[in-house]
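This report concerns only the one structure given below.
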Amino acid sequence: MNINNRSHLTYCTNMHPGETWQETFEELKNNLPYVKQSVSPHQPFGIGLRLSHQASLDILAGDHLSKFKHWLYENDLYVFTINGFPYGKFHFETVKDKVHLPDWTTIERLEYTERLSSILAHMLPENMEGGISTSPISYVHWHNSVENRISVKKTAAKQFAQLVIYLHKLEKATGKCIHIDIEPEPDGMLENSTDFISFFNEFLLTFGLEVIAQELNIEKHIAEQHIRRYIRLCYDICHFSLAYESPTKVVQSMKDHQLKIGKIQISSALKFSNKSNENHSTVISQFKHYDEPIYLHQTVIKQENKITKYSDLGLALSQFDNDKIEEIKTHFHVPIFTEDYGLLSSTQEDIIDALKLWKKEPYADHLEVETYTWQVLPQSMQMSIQEGITKELKWVLNQLSE
1180 MNINNRSHLT YCTNMHPGET WQETFEELKN NLPYVKQSVS PHQPFGIGLR
1230 LSHQASLDIL AGDHLSKFKH WLYENDLYVF TINGFPYGKF HFETVKDKVH
1280 LPDWTTIERL EYTERLSSIL AHMLPENMEG GISTSPISYV HWHNSVENRI
1330 SVKKTAAKQF AQLVIYLHKL EKATGKCIHI DIEPEPDGML ENSTDFISFF
1380 NEFLLTFGLE VIAQELNIEK HIAEQHIRRY IRLCYDICHF SLAYESPTKV
1430 VQSMKDHQLK IGKIQISSAL KFSNKSNENH STVISQFKHY DEPIYLHQTV
1480 IKQENKITKY SDLGLALSQF DNDKIEEIKT HFHVPIFTED YGLLSSTQED
1530 IIDALKLWKK EPYADHLEVE TYTWQVLPQS MQMSIQEGIT KELKWVLNQL
1580 SE
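Each residue of the sequence shown is one higher than the one before, starting from 1180 at the first, in the numbering used here.
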């Protein structure tokens, strides 16, 4: 929904299971009208669409896309952003590090993202930019040597260059600007704004720029303008909380380098702050409710001003026997409207700070609530998907109105 004449708020439909277009469309029909009526009854409601690789192929077959556009029109809905990070299956079976497959060294990831861009351009309302969030290049633990990581980034930069060329031609053909929003996350090849800026300056503006200038036969400063227009940051608040990077630092760092934030993903991580020397076994017991087998829950432990990173929650809990532990944060997207979870809490304060900053100076036009873990939450926290979505969106609207 429009929230300040140019910015739009939605939720990400990756919380709804569905890998084929038929499954995806059924979930949208079952949930979107209710959510729209609950939070945006008198104005159009935007969708943060998730299309798997299979669904992106399906929707282009026959008249599925035109039928979907008609359904959007009939229900006063529109699509302005797509989550293009998870390529394959995302529910009811182990995902873990496979969420990064295929990575940005592959033609499959490039073709999938180009296809999403074309689909979005054909759905996007006039006079509106569209955005697609994507993976942070690859999973860092697949690439152990410095040389290998540099090689992966070079290859990815050239792939993104091909994507920029595609997006430039797409905009010339359709009049629609579609930007790609790279989403740093824990244990991704890019984890924070420093990593993003480094990749942008040292790889995109070198190896990528050469490709664009040569293939489009344009001067390098024009090629740089194209890269800055089409490649942006997806600021997932939960992910940056684990990186101990404040909203102010993220926004200022991007501004200092004249880089754009394409999308804010409004999400909250789970944490424990050891302020009163709680019994370790009790804390571990509460965390274990969130140690589930489907998604990665990368975890950081802060002790004596040092940060130790673990690839999943279970590994971190096995180390939880030190009285000097100050804080634990884990990548589990918990509902954003709740701060307290027994002895545990959330990083909700980072969301509040990010939204306060946005109210003063809107630093992104796309805001998307992304809590995709409803099906794997502990039983005591379960509620209907529709109720949860509505409650989260209303919480954000309340924060923006205060």
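Even glycine gets a Cβ: it sits at the ideal position worked out from N, Cα and C.
- In this structure, the alpha-carbon of glutamate 1350 lies about 24 Å from that of glycine 1241.
- Note that the C-beta distance between glycine 1227 and serine 1314 is not below 8 Å.
- Taking all protein chains in view, the Cβ of valine 1548 is crowded by 16 or more other Cβ atoms within 10 Å, so the residue is classified as buried.
- The beta carbon of lysine 1538 sits closer than 7 Å to the beta carbons of Leu1579 from its chain, once the five residues preceding and following it are set aside; these are given in chain order.
- Judged by beta-carbon spacing, histidine 1459 lies beyond the 8 Å limit of threonine 1509, meaning their Cβ atoms are not closer than that value.
- Non-local beta-carbon contacts of proline 1363 in its own chain, meaning distances under 7 Å to residues more than five positions away in sequence, involve Pro1315, Leu1369, Glu1370, Asn1371, Asp1374, Phe1375, His1418 in chain order.
- For a cut-off of 8 Å, the C-beta gap from leucine 1295 to isoleucine 1261 is around 5 Å, short enough to register as a contact.
- In terms of CA proximity to tyrosine 1257, Pro1223 leads the group Phe1269, Arg1288, Pro1223, Leu1239.
- The DSSP assignment places complete alpha helix (DSSP H) segments of no fewer than 4 residues inside the segment 1442-1522 at 1459-1467, 1492-1496, in order along the chain.
- Under DSSP, serine 1524 shares a beta bridge with Lys1450, Asp1519.
- With contact defined as three or more Cβ pairs closer than 8 Å, the segment 1345-1361 and the segment 1296-1304 are in contact.
- In this model, valine 1218 and tyrosine 1542 are separated by some 23 Å (Cα to Cα).
- Apart from sequence neighbours up to five positions away, the residues of its chain that approach serine 1452 with a beta-carbon distance below 8 Å are Glu1505, Glu1506, Ser1524, ordered along the chain.
- The C-alpha of leucine 1536 lies about 34 Å from the C-alpha of arginine 1288.
- Secondary structure note for cysteine 1413: it is in no alpha helix (DSSP H), and the uninterrupted beta strand (DSSP E) holding it is 1410-1415.
- Contact annotation: threonine 1550 and histidine 1512 have beta-carbon atoms nearer than 8 Å.
- Per DSSP, asparagine 1210 is one residue of the alpha helix (DSSP H) stretching across 1200-1218.
- Boundaries of the beta strand (DSSP E) harbouring asparagine 1262: 1256-1262, taken from the DSSP string.
- Assignment of valine 1548 by DSSP, reduced to helix, strand and coil, places it in the strand class.
- One thing to note: isoleucine 1445 has its Cβ within 8 Å of the Cβ of valine 1575.
- Glutamate 1571 is positioned such that its CB atom lies no closer than 8 Å to that of isoleucine 1531.
- Between alanine 1402 and glycine 1387, the alpha-carbon positions lie close to 9 Å from each other.
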